[in-house]
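The structure appears below as structure tokens.
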Amino acid sequence: MSIDTSSLKSDKKATMELLTDQTIDQRLESLLARLSLEEKVRLLTGRDFWTTWPVEKIGLRRMLFSDGRRGCVARCGMSGRRR
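Here our numbering is used: the first residue of the sequence shown is 1, the next is one more, and so on.
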């Protein structure tokens, strides 16, 4: 059995093209309104040195960052020694 998904893809593209700065701002405001003060603060603090906290209830996955004040750095292996 085969399902034709071509119309779904074109509908999604059309929807994305209709988004304006105003609707994006409204969506962000709506998502932020669902967060508690503690959840908002967690977004500012980070989960660890490299990642942010995920917030599943609004569909926000953790984000991995590779740069900071010192520029891009990398850890080697499990020891944490830098090359």
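Idealized CB from N, CA, C, for every residue including glycine.
For residue i, three-class secondary structure by DSSP
{"i": "Leu35", "result": "coil"}
{"i": "Met78", "result": "For Met78, the predicted model reports a pLDDT of 48, less than 50, meaning its position is unreliable; a value from the coordinates is still stated below. Met78: coil per DSSP, three-state reduction."}
{"i": "Phe65", "result": "coil"}
{"i": "Arg45", "result": "It should be noted that the sequence gives Thr, not Arg, for residue 45. Note: Thr45 maps to helix in three-state DSSP."}
{"i": "Met1", "result": "Confidence in Met1 is poor, its pLDDT being 49 and thus under 50, which makes the residue's placement too unreliable to answer from."}
{"i": "Thr52", "result": "coil"}
Same chain, Cβ closer than 7 Å to residue i, neighbours up to 5 away in sequence not counted
{"i": "Glu39", "result": "Val55"}
Own chain, CB closer than 6 Å to residue i, minus 5 neighbours either side, in chain order
{"i": "Leu31", "result": "Ile58"}
{"i": "Ala53", "result": "Before going on, a small fix: residue 53 reads as Trp here, not Ala. So the qualifying residues of the chain are Arg42, Arg47."}
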